Amino acid sequence: MKKSIFQEFDGYNDIAQEVQISRKYGAILGVDGDSVDSEISRLHPARISLRVSEIIDETSSTKTLRLVSEDGYLPPFLAGQYIALFIELRGIRTSRPYSISSPPNQTGYYDITIRRLEGGLVSNYLLDEVKTGDRLESSGPAGNFYYNPLFHDKTMVCLAGGSGITPFMSMIREVAECGLDRSVHLLYGNKNLNDAIFHDELQAISSRFENITYLPVIENPLEGYKGRTGFITADFIRETIGHLSDKTFYLCGPQGMYEFCLPELEKLGIAKRKIRKEVYGAPVNIWDYPGWPKEIKADQVFTVSMDGGVTMEARAGEPLVLALEKEGILIPSLCRSGECSMCRVKIISGKVFQPSGVPVRKSDRKYGYVHSCVSYPLENLEIVI
Ligand code: FES
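Just so you know, we're using the numbering used here here: the sequence shown kicks off at 527 and counts up by one.
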């Protein structure tokens, strides 16, 4: 009889014998499920209990919360990933993602850096009410915004805006502290120089490490400011980084930054596969987003009925997930930006607005599932959670 190719592999006979014995005596084949499960939940815990060990003032509107683990263990992460903080606030249980700004080689704590947001429910609570010693709960590290040596170029061009600096700070600190064989060009846009988070540290790192360059770009500089002003334009990118090949581009910042910088990268002919974008929360003022139906006002209220018979109200200008949370209906969520698909709900009837570019699976689209963190009611809805 012809030998199967598998029979050529080392250990084939041992496994074949084990299979035969297991078949005869009905033993359970395979690896020890319990040990695999416990290793997975150690590396990817659903929840981490954290304590605020220190609060560091960064700028007038920004602080870093240094978070240590209650049980002394923090799962590893890749520079650029985030954790979602689960918060109960004024009777609403909700969550928000925050990029980790400390480097992954620092295993004793996670730093998250928070900027004040006008009307920001969670960010303002974290800035104004949380104190050293307070307890917080988070997800394990998550997200796909990191350097992958298999697919990405060793030269990273990082375009940051405002608090979008945080994942880059983790990457840059790791490159500097671990002496990694990688180059980073950071172009960092802010309205004023005083708003540039980590400015002094970035200047110190770039003057010390040849492979790291830092260029602040200031929109409204004070008189006499000598650095680069305006926006991160195609011309500026070209003159800063030289030739464009063998470089991967990373973007993280507020919505307006993507709207401005992506066309600039297009002008430079950068292929889409060379551009990596960090999710950055649901769009603010969704009613100003391209494609929003002008006849629908942000404060228009629709009814949402659920499979369990519950009916509630939801505002057009508010993500469906938040409306559900306000009613005490919790659905899993991590990124709150339409990317992780944890918050899917099925729309049985009615219409929602979803900003362009949300990566909804083809099968989800076909069967009516939406990501509720970036879905906004445009009509009365009937949904299944
Ligand atoms: S929470 Fe990640 S897609 Fe909605």
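For each residue, glycine too, the CB sits at the ideal point set by N, CA and C.
All figures in this text were calculated on a predicted structure; none of them were measured in a lab.
Q: Starting from valine 912, follow the beta strand (DSSP E) in both directions and report where the run begins and ends.
A: The shown model of the chain, from 527 to 911, leaves out residue 912, and the question about it has no answer.
Q: For glutamate 804, collect the residues of the same chain with a Cβ closer than 8 Å to its Cβ; drop the 5 residues on either side in sequence, then sort them by chain order.
A: Position 278 of the sequence shown, counted from the start, is the residue given in the question as residue 804. Non-local beta-carbon contacts of glutamate 804 in its own chain, meaning distances under 8 Å to residues more than five positions away in sequence, involve Gly606, Ser625, Gly669, Phe671, Gly690, Pro693, Tyr776, Leu777 and Cys778 in chain order.
**Q.** Residue environment, phenylalanine 724, which counts as buried when at least 16 other CB atoms sit within 10 Å
**A.** Along the sequence shown, read from residue 1 onward, the residue named residue 724 stands at position 198. Per the 10 Å Cβ criterion, buried.
Q. Below 8 Å between beta carbons: does that hold for valine 656 and leucine 576?
A. For the purposes of this step, residue 656 is taken as residue 130 along the sequence shown, with counting starting at 1. For the purposes of this step, residue 576 is taken as residue 50 along the sequence shown, with counting starting at 1. No, the Cβ-Cβ distance between valine 656 and leucine 576 is not below 8 Å.
Q | 4-residue-minimum alpha helix (DSSP H) runs that sit fully inside the stretch 629 to 707, ordered along the chain | A | Unbroken alpha helix (DSSP H) stretches of 4 residues or longer found wholly inside the stretch 629 to 707: 647 to 654 and 692 to 704, given in chain order.
Q. How many angstroms separate the CA atom of arginine 641 from the CA atom of leucine 706?
A. On the sequence shown, residue 641 is found 115 positions in, with the first residue counted as 1. On the sequence shown, residue 706 is found 180 positions in, with the first residue counted as 1. Straight-line Cα distance between these residues: approximately 29 Å.
Q) So which residues put a beta carbon under 7 Å from any heavy atom of the ligand FES, going in chain order? A) Val847, Ser859, Leu860, Cys861, Arg862, Ser863, Gly864, Glu865, Cys866, Ser867, Met868, Cys869, His897, Ser898, Cys899 and Val900
Q. Is leucine 860 buried or exposed, if buried means 16 or more other CB atoms sit within 10 Å of its CB?
A. Here residue 860 is taken as the residue at index 334 of the sequence shown, counted from 1. Counting Cβ neighbours within 10 Å, leucine 860 comes out buried, since at least 16 surround it.
Q | Distance between phenylalanine 603 and threonine 658 (C-alpha atoms, nearest Å) | A | By one-based count along the sequence shown, residue 658 stands at place 132. By one-based count along the sequence shown, residue 603 stands at place 77. If you draw a straight line from the Cα of threonine 658 to the Cα of phenylalanine 603, it comes to about 24 Å.
Q.
Out of Asp583, Asn718, Glu544 and Val710, which one is the CA nearest neighbour of isoleucine 638?
A. As a working mapping, residue 638 is identified with position 112 in the sequence shown. Checking every option, the nearest Cα to that of isoleucine 638 belongs to Asp583.
Q: Return the Cβ separation of valine 878 and leucine 856 in integer angstroms, given the expectation that the two are a contact with Cβ distance under 8 Å.
A: Here residue 878 is taken as the residue at index 352 of the sequence shown, counted from 1. Here residue 856 is taken as the residue at index 330 of the sequence shown, counted from 1. Contact doesn't hold; Cβ gap of about 19 Å is too wide.
Q) Looking at C-alpha atoms only, which residue of Tyr635, Gln880, Ile531 and Arg799 is the closest neighbour of serine 913? A) Shown here, the chain extends from 527 to 911; a query on residue 913 therefore has no answer.
Q | Outcome for proline 667 when other beta-carbon atoms lying within 10 angstroms are tallied against a minimum of 16 | A | The count along the sequence shown starts at 1 and reaches residue 667 at position 141. Buried.
Q) Would you report the Cα separation of valine 710 and tyrosine 893, rounded to the nearest angstrom? A) If you number the sequence shown from 1, residue 710 lands on position 184. If you number the sequence shown from 1, residue 893 lands on position 367. Near 42 Å, if we compare the C-alpha coordinates of tyrosine 893 and valine 710.
Q: With DSSP as the reference, label valine 847 as helix, strand or coil.
A: Position 321 of the sequence shown, counting from 1, holds the residue named residue 847. Three-state DSSP puts valine 847 in a helix.
Q. From the beta carbon of phenylalanine 786, is the nearest beta carbon of chain C less than 8 Å away?
A. Although the question refers to chain C, the structure presented lacks it and comprises just one protein chain.
Q) Given that a residue counts as buried once 16 or more other Cβ atoms are within 10 Å of its Cβ, and exposed if not, what is tyrosine 751? A) Working through the sequence shown from its first residue, we reach residue 751 at position 225. An exposed status is given to tyrosine 751, since fewer than 16 other beta-carbon atoms sit within 10 Å of its beta-carbon.
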